[in-house]
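300 is the number of the first residue of the sequence shown in my numbering; add one for each residue after it. Each residue gets a CB set at the ideal place from its N, CA and C atoms; glycine is no exception.
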Amino acid sequence: MKEQIIHPFEPIFDSDSKVLILGTIPSPKSREIRFYYGHPQNRFWRILPDLFGKEKLTTVPEKIDFLHQTHIALWDVLASCEIEGADDSSIRNMIPNDLSRIISIASINAVFTNGQKASSVYKKFFLPKYDIPWIGLPSTSPANCRFWTYDSLKDAYRVILDYL
Numbered sequence: 300m301k302e303q304i305i306h307p308f309e310p311i312f313d314s315d316s317k318v319l320i321l322g323t324i325p326s327p328k329s330r331e332i333r334f335y336y337g338h339p340q341n342r343f344w345r346i347l348p349d350l351f352g353k354e355k356l357t358t359v360p361e362k363i364d365f366l367h368q369t370h371i372a373l374w375d376v377l378a379s380c381e382i383e384g385a386d387d388s389s390i391r392n393m394i395p396n397d398l399s400r401i402i403s404i405a406s407i408n409a410v411f412t413n414g415q416k417a418s419s420v421y422k423k424f425f426l427p428k429y430d431i432p433w434i435g436l437p438s439t440s441p442a443n444c445r446f447w448t449y450d451s452l453k454d455a456y457r458v459i460l461d462y463l
């Protein structure tokens, strides 16, 4: 059953942020734990620290500190939508987030989207608006494990380092 979701988290960024990573909207598990990429099988919080040679991050404060230290801003493309569970393909009635909240403060060198739906929403609402390089990346979702191994996903995300 579809439910109307209003994005429950603030973006993570500061004036030193150099890249912006955008997902679609927090999953039920992320909303439950009240932080981005909260599903234990989502590979986001394994891949990013691994790219920087860091140990696994387990707590929300560790993750926030890591993002600030590495100059990565994190948010989602949608402020609200109708969605069935965590199924991005079921998303309807989209209202985009106001990315100018980040872009007006931080010197963003590139925007990266996590997954196909985040990429299509970014193209629809934001690509014509901002003159910032944009790269769509594969989803770190557990639903994407059969298409992307950990190593191939990590290699795809390595491009982020070029913009920091």
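Mark P325 as exposed unless 16 or more other C-beta atoms lie within 10 angstroms of its C-beta, in which case mark it buried.
buried
Name the DSSP beta bridge partners of K301, please?
E383
Cut-off 7 Å between Cβ atoms - residues of its own chain near P441, not counting five sequence neighbours on either side
H338, Q340, N341
Measure the C-alpha to C-alpha separation of E383 and R391 and round it to an integer number of angstroms.
10 Å
Taking contact to mean 3 or more Cβ pairs, one atom from each stretch, closer than 8 Å, check whether the stretch 325 to 334 and the stretch 418 to 432 are in contact.
no
According to DSSP, is R457 part of a helix, a strand, or is it coil?
helix
Since G322 and N413 should fall inside the 8 Å C-beta cutoff, what is the C-beta to C-beta distance between them, to a whole number of angstroms?
5 Å
Check the C-beta distance from Y462 over to N408 and give it rounded, since I have them as a contact under 8 Å.
4 Å
Cβ pair F446, L319 closer than 9 Å:
no
Taking the alpha carbon of E381 as the reference point, which residue from I394, V458, F424, D450 has its own alpha carbon closest?
I394
Best match in I401, I304, F351 for proximity to L373 [C-alpha to C-alpha]:
I401
Taking 8 Å as the line, does the beta carbon of A455 fall inside it for any heavy atom of the ligand FAD?
Because no ligand of any kind appears in the structure shown, any question about the ligand FAD cannot be addressed here.
Based on the DSSP output, what are the partners of A378 in its beta bridges?
Answer by DSSP bridge pairing: none, since A378 is not bridged.
Measuring CA to CA, which of S316, T439, V376, D387 is closest to L398?
V376
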